[in-house]
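Scroll down for the structure; my scribbles are underneath it.
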Amino acid sequence: MSSQGQHRLEAQEQSDPTIGRLVADASRDVSSLVQYEIQLAKSELRVSVKNLGIGGALLAVAGFFGIMIIIFASITAAYFIAKIPGLDLAWAFLIVTGIYLLLAVILVLIGIRKLKAIKAPEQTISTAKEIPGALKGQHDKAGARPEAIAPKP
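Dropping the structure here:
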């Protein structure tokens, strides 16, 4: 074989990818892709965390202003109530305080009623109790029961 033929054969071997070269290239490409995806995720998360911090701070400031509004509105209401003839300013503030007390009692009663309405997840508990038996092979021969999975109306 001439040297030109040998060079052609070597060039052809280099241009024809072997399985090893294909696997190495694929591995390198996957590694690069994963690195780029991680970089993209980091940059997106930086923006999201920054927006989360700014949004949270703005909501906290708005909450503070909301509390200040309630305080000043209460004082204003007390002064308006005090304009009623024969009613002292102290009684006006006491009336406003009583209104807040009444609202607090109503909210507490509603909250207690809602908490008492909470029920244990009976279906989940019964299904969870069946798991050890199922793992030991002591399960229903019929298989899974749809009624144990589907929530009751």
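Going by UniProt numbering, the sequence shown opens with residue 1, and the numbers climb by one from there. From the three backbone atoms N, C-alpha and C, an ideal C-beta is built for every residue, glycine too.
Grouping DSSP H, G and I as helix and E and B as strand, with all else coil, what is residue 39?
-> Reduced to three states, the DSSP call for residue 39 is helix.
Might you give, ordered along the chain, the residues of its own chain that have their beta carbon closer than 7 Å to the beta carbon of residue 22, omitting 5 neighbours on each side?
-> Cβ within range, chain order: n/a, list empty.
Distance, Cα to Cα, residue 133 vs residue 112?
-> Cα-Cα distance, rounded: 38 Å.
First and last residue of the uninterrupted alpha helix (DSSP H) at residue 116 | Looking at the DSSP string, the run of the alpha helix (DSSP H) that includes residue 116 is 89-116.
In three-state DSSP terms, what is residue 50?
-> For residue 50, the secondary structure class from DSSP, reduced to helix, strand or coil, is helix.
Does the beta carbon of residue 104 come closer than 8 Å to any beta carbon on chain E?
-> Checking the listed chains, one finds no chain E in this structure; it contains a single protein chain.
Considering only the beta carbon of each residue, do residue 79 and residue 62 sit closer than 8 Å?
-> Not in contact: residue 79 and residue 62 (Cβ atoms no closer than 8 Å).
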